[in-house]
Every structure is written in C-alpha cells, then in structure tokens.
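Chemist: Protein chains in written order, with the numbering used here: chain A, 3 to 273; chain B, 3 to 273; chain C, 296 to 601; chain D, 296 to 601.
Here you go, one structure.
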Amino acid sequence: MAPIDLDAEVLRNTHLSAGYHVLVLAAPGIAAATRPGQFVMIRTTTGTDPLLRRPFSVFEILRDADGTPEAISILCKLVGPGTARLAGASAGDRLAVLGPLGKPFDLVAPPSEAWMVAGGVGLAPFAALTESLAALATPTRLFYGGRSRTDLFYLDWFEARGVRLDLATEDGTRGTHGRVTAPLEAALRVMPADRPLTIYVCGPEPMLKAVAALGRVHGRPSQVSTEQVMGCGLGGCYSCVVRVRDESGTPHFVRSCLNGPVFRGEDLVWE
Amino acid sequence: MAPIDLDAEVLRNTHLSAGYHVLVLAAPGIAAATRPGQFVMIRTTTGTDPLLRRPFSVFEILRDADGTPEAISILCKLVGPGTARLAGASAGDRLAVLGPLGKPFDLVAPPSEAWMVAGGVGLAPFAALTESLAALATPTRLFYGGRSRTDLFYLDWFEARGVRLDLATEDGTRGTHGRVTAPLEAALRVMPADRPLTIYVCGPEPMLKAVAALGRVHGRPSQVSTEQVMGCGLGGCYSCVVRVRDESGTPHFVRSCLNGPVFRGEDLVWE
Amino acid sequence: MNVDLCVRIGSLVLKNPLMSASGCFGYGLEYADIVDLSSLGAVVVKGLFLNEREGHQPPRIVETPSGMLNAIGLQGIGVHRFVREKMPELRRLGAVVIVNVCGSSLDEYVEVSRILSDVEGVAAIELNISCPNIKEGGIQFGCNLSSTHEVVSAVRRVTTLPLIPKLTPNVTSVSSFARAAEEAGADAVSLVNTFLAMAIDVDTRRPKLSNTMGGLSGPAIRPIAVRMVYECAQLVRIPVVGMGGISSARDVLEFMIAGATAVQIGTATFVDPFIWSTLRSGIEEYMARHNVGRVTDLVGSMERWI
Amino acid sequence: MNVDLCVRIGSLVLKNPLMSASGCFGYGLEYADIVDLSSLGAVVVKGLFLNEREGHQPPRIVETPSGMLNAIGLQGIGVHRFVREKMPELRRLGAVVIVNVCGSSLDEYVEVSRILSDVEGVAAIELNISCPNIKEGGIQFGCNLSSTHEVVSAVRRVTTLPLIPKLTPNVTSVSSFARAAEEAGADAVSLVNTFLAMAIDVDTRRPKLSNTMGGLSGPAIRPIAVRMVYECAQLVRIPVVGMGGISSARDVLEFMIAGATAVQIGTATFVDPFIWSTLRSGIEEYMARHNVGRVTDLVGSMERWI
Ligand SMILES: Cc1cc2nc3c(=O)[nH]c(=O)nc-3n(C[C@H](O)[C@H](O)[C@H](O)COP(=O)(O)OP(=O)(O)OC[C@H]3O[C@@H](n4cnc5c(N)ncnc54)[C@H](O)[C@@H]3O)c2cc1C
Ligand SMILES: Cc1cc2nc3c(=O)[nH]c(=O)nc-3n(C[C@H](O)[C@H](O)[C@H](O)COP(=O)(O)OP(=O)(O)OC[C@H]3O[C@@H](n4cnc5c(N)ncnc54)[C@H](O)[C@@H]3O)c2cc1C
Ligand SMILES: Cc1cc2nc3c(=O)[nH]c(=O)nc-3n(C[C@H](O)[C@H](O)[C@H](O)COP(=O)(O)O)c2cc1C
Ligand SMILES: Cc1cc2nc3c(=O)[nH]c(=O)nc-3n(C[C@H](O)[C@H](O)[C@H](O)COP(=O)(O)O)c2cc1C
Ligand code: FES
Ligand code: FES
C-alpha cells in the first residue's frame, strides 16, 4: 500500500527510563497497513531545525476493542535533537508521520522457529513481529541484550505472548554476562540441524554483522534490519545505501529505505 | 542594573483570545530590576529556527504575598513563528529570558497627569507603568484602541487601579468608533493649558507618529515606546535604529535597544 | 478566480512552474505511488552519466542547521538503462521528463545528450556542470567561464532539445556564467546547485561524510540562492529556473518575484513528499488574493525601495 | 587536567582562541556590564572608517532559516572618535582590542590603519575587505586578487601591528585570496565575512532589507565556512581565524580541527550574550576528556577517511 502522511495526535508518551520512551500515535491508516519490520518517518518539529524527518520502526500496532488498528507506537531511544523533541512530546501534540515504509520481514511458519535477536533499541521491530508470528503459531524466542538490566524493557509483554526469552547484559545485572551473541551462539550449537529456524536481528551494526556471520556458520537464514541515516525514506535521495550482492554475486549499493531496511543476511556485504 | 539571563519557568499561559495571551514567567531577578517601559528578549526555541530572541515589553511585575517581585508577565500577540511558539508554551516549560533591557519611561508625579495611549498590543508596557504611577499617586488615563471589543483586554484591571478609560474600536463595537487618536485629541482640546500632563504612547508606528504630532500641536511632552526589529537587544548589532535629533537638531540613527525603546516624541524624526 | 500557471522554457511549455530537483526525486518512479507525476511542471531525474556509477561510501548525508550536506557521488544506472528501464513507465504516467546530464569529460556530456535527444518523452536536458561531489567533470566545467561556454556549445550542436545548464553557486559571479551559457546557446539556466561545504565530528576528528566534502542544500541556503537568481535574471534574457531551499508556496513566489520563470524543489520534498499540491494551491491562493492572472506576470516583478 | 588555551596570531599571544566578531559586539563597551572583556581572547570592534557613517535605513536585519541577513551599512563613529571615546575605557578594562578597518579607497584603509598603529592598546588590525553592504570599497577589494594584494601591501607598509585581512566567502576560491594576503605580508587571515544574499516580502514584492541585499550569517552558513577555513589552512602558513555560525564549544572545536588557530563569534552572541564562559568551559571539558593539553594541538588535526 502507498504510504500516507498523517498529522497524528500523540495519545501517550510513556517514559521507560531516562533514555527510552514509548510514543503512541493515533494513526489508523498507517496502523492498518504496517507489516512487521516496516518503519515510519516522523517530523520532530514544524520548523527547519532539525530539518529532516527521523526513521523509526513501528513497535506495536494497537487496536481498538473491535480489533481495528488505530494507533502505532514507537520505542524511542534518546540520542540527539530529534529524539529529544520526541521525548518531550505530550498527549495532544501532533506529529507528521509518514508510512508505512520499506520492506517488512518475511514471516516464517511452523515447523520453522523464529529467533529474534535484539540489541538495545533494536527491540523495536520485534513486538509487531511477535504478534504476526503468534498468528501463525510459529514458536518464537527472543535473544535480547542491553548494557544493564535497566535497559531491558517489555519482558513481560513478550513472555505473555509465549516468547521464550534469553537475556544478556554487558554489566551482568541480568541474564548472561556479556553480549547477546553468546547465548545465541550457544543455542545455535545445540539446535538439531533438522529443525528449521530463521534468525531475525536488529541492533547496532557490529551486532548485525556478528549475528549474520553466526547464521552463516550454522547454516541458518537470517533477516537483518539495518539502520542507515535516511534523508527521505522513499528512494529519492540515495543516502541510505548498504552494499548487497546481486544474483551474480557482484556487490553494489542499494537503497535500504526501498530494498530494506530488512535484508537477507546472506546478501549483505559488510565494509 | 546589568541584565541577567534566566532559564525561566512558565508559570501560566492564559489565552485572552485567538490572537492574544499572557505568559507568566518565574523570573525574580528580572522582576525586581525592571522599570516600566523596559523589555526582555526571549528565546522561543532551543534550536536555531527561529534563530533570534524576540523582544517583549514587561507587562506586569508580579509579587509574592510579601510583595517581593517573583515573576513577570508579557502580553503577547500572535504574529509569526516565534510568537506561535510562545502561544504554545505550557506551565512547566522553560524559556531563556534576558533582561531588563532598555531605557524605561520617565515617571511623572502630581500635579502632572499621565495619559497613556495604547494601540492593540501596545497596551503591554502600561500595566507596569500604571502601578508605578499609582505609587506616586499620579492621576492616569488610558486611551486604548483596538480593532474590535474582543481586542481590548484588562479593562477591569486598569479600572480597579483608578485609571480612567477612553476606548476606541475600529468597528465601533466598544467606545468611540474609529481610531484612538480621536478621543485623545478631543481630550487634549478640552484640557486646560495650565494643567500639566505627559503622554505615554505605544502601538503601531503610524499611531506613534500621530500621537507624537498631537502632543506637539497641543504643547504636551510625549514619551514614545518604539518597536524596531532587534537582533541583540544590547547595543551590539546596530539593527534597531531610529532617527533622533541631537541637541544641535541634527538627525542621526541611534540604537533603540540602548537609547530607547522609549524616546521623547520631540526628538524622534519620522521617515 | 481562474489563474494561469503555465510557464515557458525555450520551446517547452510547462503546465506549472514546479519541478523536482535532480537527485532529490530518484527517477521519479519512486514517487509514482504517492504523487501524480503528470501534475508536476516537470520531473527532473537524477544525474546520469553514460555508464552506471557506484557513488560514494556512506555516510552520504549529514544534517546541518536548516540544511543538509550530501555527497552521494552520483550513484546511477547510466543513460542506457535509464532509457530502457525508466522512460517507458515515465511516458506512460505522462511525466514531462527533464534529464540531468553529467559527464567526466566534454565528450561524455555530448554523448549522453545525443543519446537522450532521440528518446521519445525526454522534454529537455539539464546540463549538470555544477556537481561538487565528483572528482572529474561537474564543477570543474562550471567554475570556469570558457569551459562552461565550450561544453554548452558542444552539447548545443548535438541536440535540439531545450538545453538548461545548471550553474554552481561556488563562484564569484554566477551571472557571468549565466551569460556564458546564454551566449553558448542555452535555452535557460537553472541554479543553484549545492554549496561546497563540510562538517567534522569533533570526537573522532574525521569528516562526517566519507567523501570529506559535500553539497549544502535546504532552507539554509535560500537567501543566497534568491540573490543569485535575481542577479542572473537581471543579466540574461533566457529564463532562469530557480532553486535552493524552497519549502513553501511563499518561497516559490519569492524566487519567481526575484526573476525565476520556474523553480525546482529538492530537500523540502524529503521533509514533505506531498508538498506539490500544497505548493500549487498556495500559489493559486496568492494569485487570487493579489489579483494576478498569469503566474508569468510575477516573474521578475520585484520593486526596489526608492 | 590543566589545559592551555593560549594561541598566537603573529606577534600577538591571546589567552584563548575566542574573539567577538566585528559588528556583532558594538565597541565592546556595550557588553562590559555583563562580560569581563579581558576574559576574551580579543575584542574585535565594529568596522571603522576614517569618518562617521550613518549606515543604511532600517529594516537592517531579517531572519532567515537558522541565519540572518544584515545590511547595517557600517554605521559608525569613525576612527578619531573611537580612539578618543572608546579606547581609554577598553584599555582600562584590559580588553585585547582588534580594530576592524574599513575604507572606501586604498588611501582610507592606509590612513585609518596608520592612525590606529600609534594608539596604545590596539593589539591588531583586521582589514575588512569583505563587507558586502557598502557601495565603494569593502568587497570590491576582497573579490579581486590583485586589489587584495595591493591593499594588504599598502597597509603593511604603515603598520607593525599584526595585520589580519578579513576575507569574503563570495568568491570561487577563497584560498587563493588567503595566499595573496599572505604574500602581501599579512600575519593571519580571518574568514568568513557574510554571504551576499537577499529576501523578498512576497506580499509587497519588495526586498525585506532597505538596502535590497545583505549578508547572511549564523548557523546556516557554518558548513560552508568550515570548508573554506579548511581550504585556506591547507594552503597558507599564516594562522587562520575562523568564523561563521559558531554557536557552541563543539562548533569552535570543529573550526579549530579544520585548521583555525582562533575563532570569532558573531550572530550567536545575539542569541546568548553570556556564551563566552560556556564556550570556554566546553573547550576545557573536551580537552580534558580527549587528553589534549594545548588547544593549539587541535589546530588542523582533522584526519581524512582512508
Ligand atoms: C529504518 C530505521 C529504523 C529505526 N528505528 C528506530 C527505533 O525504532 N527506535 C529508535 O530509537 N531509533 C530508531 N532508528 C534510529 C533513529 O532514526 C535515530 O536515532 C534518530 O534519527 C536520531 O535522531 P536525533 O536527531 O535524535 O539524533 P542525531 O543527532 O540525528 O543523531 C545522533 C546520532 O545517531 C546517528 N543517527 C542519526 N540518524 C540515524 C539513523 N537514521 N540511523 C542510524 N543512526 C543514526 C547519528 O549519526 C549520530 O551519531 C531507526 C533508524 C532507521 C534507519
Ligand atoms: C521593544 C519591543 C517590545 C515589544 N513588546 C511586545 C509585546 O509586549 N508584546 C508583543 O506581542 N509584541 C511585542 N513586540 C513585538 C514582538 O517582538 C514581535 O511581534 C515578535 O518579535 C514577532 O516574532 P514572530 O517570530 O512571531 O514573527 P516574525 O515572523 O518575526 O514577524 C512577523 C511580523 O512582525 C514583524 N516584526 C518582527 N519582529 C519585530 C519587532 N521586534 N518589532 C516590530 N515588528 C517586528 C516582522 O517584520 C513581520 O512583519 C515588541 C517589540 C519590541 C522591539
Ligand atoms: C541528495 C541530493 C542529491 C542531489 N543530486 C543531484 C544531481 O544528481 N544532479 C544535480 O544537478 N543536482 C543534484 N542535487 C542538487 C539539487 O538538485 C539542488 O540543486 C539543491 O539541492 C538545491 O535545492 P534544494 O535546497 O531545494 O535541495 C542533489 C541534492 C541533494 C540534496
Ligand atoms: C549585524 C552584523 C554586523 C556586522 N558588521 C561587520 C563589520 O562591521 N565588519 C566586519 O568585518 N564584519 C561584520 N559582520 C560579519 C561578522 O563579523 C562575521 O564575519 C559574520 O557574521 C559571520 O559570523 P557569525 O555567523 O558568527 O555571525 C557583521 C555581521 C553581522 C551579523
Ligand atoms: S532515504 Fe532517501 S533513498 Fe533511502
Ligand atoms: S538590537 Fe542590536 S543594537 Fe539594538
């Protein structure tokens, strides 16, 4: 479906910690059309500073009592002036939201399992993905890493939906001490080869790279949600490129807003 | 006193009509130092658009129960992006406020009367002036014009302080039908020459010019509060000049932020 | 009030003065879903060389106050694939297509232009002698008066399409370049391309763009672009196509009053891809309010202070 | 960590690299109430001609996206009144005073510089050959390489004060002007002055400035200014004083890493007149965090991508 631009009302802005919040936006048209892994471009001011919109994965697709999609939420991490404006948004404010944009995840169905791997705010696309996979009854696991236990959110939410959690924190305050790739690798090792699974991953680039490599080593397909700086989100500016191998194996730059943000880990060429 | 820059909390933002509001800012240091006719420069965003601060007359100086000045208010008219941001400010927001700036009105004491002439948002400096004149027991009148009755504010406030009101509206919905200069001229005509008075005026430039001329014709001194576009408010940029005659009668440009915004009507040279 | 938005660029009549700026609207088709391409005065497509180009390593853009830097490096599919893969659909959608032509050498400019001249549906050529982001060609031609004259003359000889050299603002006197282009047979000039600029990450002490430098676009540059359009329109007789930071109907009108016959919108379409209808209705409203029947009556209508 | 903020411009040692930009800080004394003038590296005062000047009619400034245009027209009290009325107090306050010298002719530049050379407390001369807002002089000298060389040489002959020609960005190659100034005996160059620009009120169809055109300053121009400072620093051996849109300590550092030995701050002081201490402590914090002992170690320290 063609993306639309809504002057969306902020319904809630829930602060999870000093650096993270969940912003709920009334955006029925976008909520109805979004598939997991897609993103929106949000204008953070009506002026020209910051000038460009900011890309955010759609976190949850929220429905009214009848199940009609009426809102989306984004899980937002505070990093600069644009996200600072979003952190300060209050119910009743209005924000221009353009979407849905980009290629979604491919959903796997049983007997295949779905293993989601999230680093920090890389959790963002996995709430919507969980709901879609649940509708297919695909068994799901979430490998989720953060700096500290206070950087891990929505654990109950995922558990309530039957997702098996494997946590890791860099300071060891929750789950495995260290990177989330450790529990993932351990799990890949013990997973019988005849039980199919797909890895979904979102997070900082070194993690994406490591997880895609693990997938390759263990012969598991991966779907990697990339994050490039984006000017337009619509294919107009060629700012957001990643290097991808085409059928002939030749690497070239493709626009991650159009051909992604989700790519097959096998296709991505890391610099 | 040297101006200070405060990160002032918005205490209230009261909308008087679609185009006017009163913004109350916790600014004890500025409130204590301000004299009627002085102004403040307010930053309307933390970003760079709009870039420059905006000048506003100090409307009221607000005091706590013990009479200690603790806040100022500004009477603000919505005209563009900067004032739009101020119109949208809510209690708890913070705004950088620099002041007090500029030369205040000279206060007249009895037996002289003080006649204030305000056009639209030109009412702004006259609340503080009224309080200071009341302390001297100077008899005060306010000639106040607007487009319509819904553009006249704080009438009760002025009446409660013993100010005699002469209103005018361009659509005739309140007071004299037409410009505020009409009732002013009528009053000047009937005022015995031996009863001294000073005219204070603030409003759009054609009105300032007309009132200064009336003062001259009727042999009454006037104090004119000018409004020029201001870059800095501190004498740094030379943007805010008005033409003024010096002692020798030669006209030259002086900075209205330093030498004004209040000038003697006799000294101003209109283009 | 019924207002007439038509403008003329050489032999080309456009239904309105609004064009996409090259490099900011892909090949147009990316937007076909959300914008009726035939409703634009023209679709100016991304700069094309003879062959495909990879472009620069990311990061390719960085935001700056009210603007952005880009160093895309003219990634593109080359003129042949463009003609084969994009033109049929652009024709079908009724787009008036202007192709932004690049070259690393005079011969390449000529060759690409010659190829396009035979392609049905190509309405005009915008000659990009002003890209600040590539090593050879581009701005080299655009910063030297005799090279500008030379390349425009050479391309003029191989095409009857309206020819619109696109000028760089990175010169002392842009109007003398407009004049050189006019003398060499251009039908119009367009300006401004981006301003050569850079940004440094102070923590890593490296440029924020992989290419070190990039081109500044967006509202930040608008006042300089308006001045340059004004200067060119004062000096040349051919139409001037103005751009640089246009983000509202008032901005379009500002450029036209300064002397632009038509305008292009680049960076602002990133912020609002649906801007086209907003601009059109804003212009119409203004014309009705000010009782202007034909948009061309606004062109160069600025009055100076006495 | 104790950090050393001293920088050297010719024979002049400044206690830190922060200067006010000419025309943005009056004669310094306007700010004496709120800023300790002796805490600045230098106070660069408003441009001075030999005689008093009225300047242009208002409106003299207009805001633009992340920037502003000014056409003050160098209103000023002339060099004689400056020396008589302002210098004593500036000396008393311990300000390091750099005077921005203007002229409508080569002779005037020479004469004003000569007069200032004998004045106690004048620490250096900034030669304003780049003001876009006056009819004669100013930018005329600064847009022509041989005039630049000529005026700098002529002033060089009459003064031993550190001589800092201030360059205009409105040229194709600012670094060749830096080179011409260096060859003519300049001790440093400063850049950028403002970009020639304009804005039109579409309702009245008149320029927003009475002077039609003005100079663009503020954050909007920063990326172009950084690029120009970088280019000059690559080409000349004398120090470069950088400016254009600096509004934070990070911006100061960006210019220094690009190659500026010192910086000036103009427009941002309008927004925050108390900016000086914020900048100083921001630089100190950065140096401590990155373990940089002397601020001069940052100058020109940018690394390129491989
Ligand atoms: C497809 C996509 C989905 C995203 N989803 C989310 C999400 O769900 N939640 C979330 O919090 N963030 C998400 N991001 C990242 C988010 O867009 C950036 O954090 C945001 O744009 C930063 O804006 P800022 O003004 O606060 O900071 P800036 O000052 O713009 O940037 C701060 C730092 O972040 C980097 N940065 C800026 N933009 C991007 C970008 N687009 N991608 C990666 N790094 C960037 C900058 O280089 C800089 O180092 C997503 C990005 C993409 C491309
Ligand atoms: C000393 C002084 C005291 C003032 N006191 C008040 C006050 O008490 N209440 C109030 O509502 N306004 C007051 N003003 C005017 C107020 O500063 C402007 O309305 C405001 O700056 C407009 O900002 P904006 O971004 O909303 O509109 P802009 O887009 O900046 O301007 C909209 C229109 O207003 C004009 N304008 C902009 N700035 C000024 C200015 N400084 N003076 C005159 N016209 C301007 C512009 O030319 C334009 O036509 C005062 C101005 C001065 C100089
Ligand atoms: C991402 C990007 C890519 C661009 N690519 C091209 C290009 O291929 N050819 C060209 O002539 N100009 C190119 N430009 C310049 C624009 O066409 C336009 O001249 C400039 O951006 C100023 O307009 P704006 O401020 O409306 O964006 C590009 C600009 C941007 C921002
Ligand atoms: C209001 C104003 C007046 C200026 N007057 C002068 C001047 O007299 N002499 C001069 O060399 N530069 C003058 N400039 C240019 C500044 O010194 C500086 O070069 C320019 O503004 C860029 O720096 P900024 O972006 O920090 O303001 C003036 C700038 C402004 C905004
Ligand atoms: S963000 Fe513009 S092409 Fe992808
Ligand atoms: S506003 Fe800058 S001198 Fe008056």
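Ideal Cβ placement from N, Cα and C applies to all residues, glycine included.
None of the values given here were measured: they were computed from a predicted structure.
(1) Confirm, please, whether the CB-CB distance from V264(A) to V246(A) is below 8 Å.
(2) Would you check if the distance between the CB atom of C239(A) and the CB atom of F436(C) is smaller than 8 Å?
(3) Is any heavy atom in ligand 5 found nearer than 7 Å to the beta carbon of L364(C)?
(4) Tell me the rounded alpha-carbon separation between V219(B) and V213(B).
(5) Among the candidates S92(A), P127(A), E133(A), A129(A), whose CA atom is the shortest distance from the CA of A111(A)?
(6) Tell me whether the beta-carbon of V590(C) lies closer than 8 Å to the beta-carbon of I578(C).
(7) Is it buried or exposed for L138(A), if we count other Cβ within 10 angstroms and need 16 for buried?
(8) Going by DSSP, what residue range makes up the alpha helix (DSSP H) through K211(A)?
(9) Which residue from A515(D), G480(D), N488(D), V447(D) puts its Cα closest to that of L462(D)?
(10) Identify whether M382(C) lies in helix, strand or coil by the three-state DSSP scheme.
(11) Do D482(C) and G305(C) have their C-beta atoms closer together than 8 Å?
(12) Among the candidates F58(A), E172(A), V26(A), E268(A), whose CA atom is the shortest distance from the CA of G124(A)?
(13) State yes or no: is the beta carbon of C319(D) nearer than 8 Å to at least one beta carbon in chain B?
(14) May I have the straight-line CA-CA distance separating A170(B) from R56(B), to the nearest angstrom?
(15) Tell me which residues share the same chain as L100(A) and place their Cβ nearer than 7 Å to its Cβ, disregarding the 5 neighbours each side in the sequence.
(16) By the criterion of Cβ-Cβ separation under 8 Å, what are the contact partners of G49(B) in chain A?
(17) Are the C-beta atoms of S542(D) and some chain A residue less than 8 Å apart?
(18) DSSP three-state label for H375(C), please.
(19) At a cut-off of 7 Å, is V487(D) close to ligand 4 when judged by its beta-carbon and the heavy atoms of the ligand?
(20) Which of the three DSSP states is assigned to R37(A) in this structure?
(21) For the pair the segment 182–191 of chain B and the segment 112–131 of chain B, tell me if three or more CB-CB distances fall below 8 Å.
(22) Taking only three categories from DSSP, how would you classify Y202(B)?
(23) Grab the span of the beta strand (DSSP E) containing D168(B) for me, first residue to last.
(24) Under three-state DSSP, which class holds V119(B)?
(25) Identify the contact partners of V566(C) in chain A, using a Cβ-Cβ distance below 7 Å as the criterion.
(26) Answer yes or no: does any C-beta atom of chain A fall closer than 8 Å to that of M363(C)?
(27) How would you call A126(A), buried or exposed, if buried means at least 16 neighbouring beta carbons within 10 angstroms?
(28) Should T47(B) and R87(B) be called a contact, given that it needs their Cβ atoms to be closer than 8 Å?
(29) In angstroms with no decimal places, state the Cα-to-Cα distance between A494(D) and P502(D).
(30) Give me whichever residues DSSP pairs with C78(A) in a beta bridge.
(31) Relative to ligand 6, what is the chain-ordered list of residues with a Cβ closer than 6 Å to any of its non-hydrogen atoms?
(32) Between F128(B) and E349(D), which are expected to be in contact by the criterion C-beta below 8 Å, what is the C-beta distance as a whole number of angstroms?
(33) Compute the minimum distance between the beta carbon of A316(C) and the heavy atoms of ligand 3, and state whether it is under 7 Å.
(34) Looking at I552(C): is its Cβ nearer than 8 Å to the Cβ of V497(D)?
(35) Contact between the segment 312–328 of chain D and the segment 469–483 of chain D is defined here as three or more beta-carbon pairs at a separation below 8 Å; is this criterion met?
(36) Within 10 angstroms of the Cβ of A583(C), are there 16 or more other Cβ atoms? Answer buried if so, exposed if not.
Modeler: Quick look at the numbers:
(1) Contact flag unset, no.
(2) no
(3) With a cut-off of 7 Å, the C-beta of L364(C) is classified as distant from ligand 5, since no heavy atom of the ligand falls inside that distance.
(4) 10 Å
(5) E133(A)
(6) In this structure, I578(C) lies closer than 8 Å to V590(C) by Cβ.
(7) exposed
(8) 207–219
(9) Ranking the options by Cα distance to L462(D), first place goes to N488(D).
(10) DSSP, reduced to helix, strand and coil, places M382(C) within a helical segment of the structure shown.
(11) yes
(12) F58(A)
(13) It does; some Cβ of chain B falls within 8 Å.
(14) 28 Å
(15) Answer for L100(A): P5, D7, V42, M43, R55, G235, listed in chain order.
(16) G49(B) reaches chain A at T47, G49, D51, P52, P83, counting residues in chain order whose Cβ is nearer than 8 Å.
(17) no
(18) It is helical.
(19) yes
(20) coil
(21) The answer is yes - the segment 112–131 of chain B touches the segment 182–191 of chain B, with three or more Cβ pairs under 8 Å.
(22) strand
(23) 166–171
(24) strand
(25) Result: R45, L53, L54, R55.
(26) True, the Cβ-Cβ gap to chain A drops below 8 Å.
(27) Answer is buried; the Cβ neighbour count reaches 16.
(28) yes
(29) 6 Å
(30) H23(A)
(31) M232(B), G233(B), C234(B), G235(B), G237(B), G238(B), C239(B), Y240(B), S241(B), C242(B), R257(B), C259(B)
(32) That pair is no contact at about 33 Å.
(33) Here the distance from the Cβ of A316(C) to the nearest heavy atom of ligand 3 is below 7 Å.
(34) yes
(35) With the cut-off at 8 Å, the segment 312–328 of chain D and the segment 469–483 of chain D do not touch.
(36) exposed
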